[in-house]
Amino acid sequence: MPHETALAERELADAYLELNLIPEAITIYERIEPTFEALEMPFEQAWTLAHHGRASLLHGKYDSARALLSRARALFVAEDNPVGEAMVMVLEAWRRYALGAAEGSRHHRRREVHHNRRHRRREDDPLSDGLRSRSDHDRRSWFRAVYQWPLGRLPRCQK
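Heads up, the sequence shown is in the working numbering, so the first residue is 1211 and it goes up one at a time.
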């Protein structure tokens, strides 16, 4: 039962990866990936390639990580697995960030923050229109006028 042995070894490699035993995990992933390919188990092969790519990222082998992640993504797309593809996309973004190619991402984040500040929703700050340009004294007067108006002194309706 080679597929059961390969699955058990993949579980062991995943545990090594989580325990930060990166070289051991890489060794196991390299050994079992051809087994999944020979047995025509594309999901397991893609999972193994993705986690092998993650281990390579953690080990600083960015070029091998790129090749492994691109193969994993192709297999996940062929299997019509959007969750696996998204996982690989996150790992690819992590790789680009680790290489310092995240300048564009920082630029977009800066634009998003600026946009959110300019177009704040009214629910976030309901009194912003009446209070932004007023001094503290004017603010207190405004609150007093709006919230503390004595009911007996309200103007009476003319008949």
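Even for Gly, the Cβ is constructed at its ideal location relative to N, Cα and C. Small disclaimer: the values here were computed from a predicted structure and weren't measured.
Inset, instruction - Answer yes or no: the CB of E1302 versus the heavy atoms of the ligand GTP, is any distance below 7 Å? - result: Although the ligand GTP was asked about, the structure shown includes no ligands whatsoever.
Legend entry - Helix, strand or coil at E1333 [DSSP, three-state]: Legend: pLDDT at E1333 = 44, less than 50; position of this residue unreliable, no value from coordinates given.
Legend entry - Own chain partners of L1309 with C-beta closer than 8 Å, once the 5 adjacent residues on each side are dropped: Y1272
Inset, instruction - Compute the Euclidean distance between the alpha carbons of V1300 and S1280, then round it to the nearest angstrom. - result: 12 Å
Legend entry - Three-state class that DSSP yields for L1309 in the structure shown: coil
Legend entry - Short CB-CB distance (under 8 Å) between E1243 and chain C: Any reference to chain C falls outside this structure, which holds one protein chain only.
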